[in-house]
Amino acid sequence: MLTPLRPLVPRLVLALAIALGRAAPARAASYGPPMPWDGPLQIILASLSGTVAHILITVAVITTGLVFAFSEHGSGARRLFGVAFGGAIALGALSFMTAVGWAGATF
Numbered sequence: 150m151l152t153p154l155r156p157l158v159p160r161l162v163l164a165l166a167i168a169l170g171r172a173a174p175a176r177a178a179s180y181g182p183p184m185p186w187d188g189p190l191q192i193i194l195a196s197l198s199g200t201v202a203h204i205l206i207t208v209a210v211i212t213t214g215l216v217f218a219f220s221e222h223g224s225g226a227r228r229l230f231g232v233a234f235g236g237a238i239a240l241g242a243l244s245f246m247t248a249v250g251w252a253g254a255t256f
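Counting from 150, one number per residue, gives the positions in the sequence shown under the numbering used here.
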């Protein structure tokens, strides 16, 4: 049943290669005024990745260390460990990406 389609395969591959080769790259640009929610989102972003986030994660890591030292390591403690160390890894990755110059969308 696939035999009648076999001669079409090279033509389809060639057509696809030409179409992909001629495709223009998408150019992202911001036209017009900023959206009304841009300001509040920038404030939230600054709070979540700035000094406040570092302080909260530091407090969580210290609290996790104390819980680890003085408790039986139940399921609640495991969740706290995950939150503290996951947050520390996330902030470390954010700092690393910024230092290397791999930034996402910049506004």
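For each residue, glycine too, the CB sits at the ideal point set by N, CA and C.
N-terminal and C-terminal residue of the alpha helix (DSSP H) that residue i is part of
{"i": "T212", "result": "T200 to F219"}
{"i": "L154", "result": "Careful: L154 lies outside any alpha helix (DSSP H) and carries neither H nor E."}
{"i": "R114", "result": "No information on residue 114 is available, as it lies outside the stretch 150 to 256 that the chain covers here."}
{"i": "M184", "result": "Here M184 belongs to no alpha helix (DSSP H), and DSSP marks it neither H nor E."}
{"i": "G241", "result": "S224 to V249"}
Integer Cβ distance of residue i from residue j, believed to fall under 8 angstroms
{"i": "A233", "j": "V210", "result": "5 angstroms"}
{"i": "A202", "j": "L240", "result": "6 angstroms"}
Other residues of its chain near residue i: CB distance less than 7 angstroms, five sequence neighbours each side excluded
{"i": "V216", "result": "A226 and L229"}
{"i": "G236", "result": "I206 and A209"}
{"i": "G223", "result": "none"}
Where residue i falls, given that 16 or more other Cβ within 10 Å makes a residue buried
{"i": "I206", "result": "buried"}
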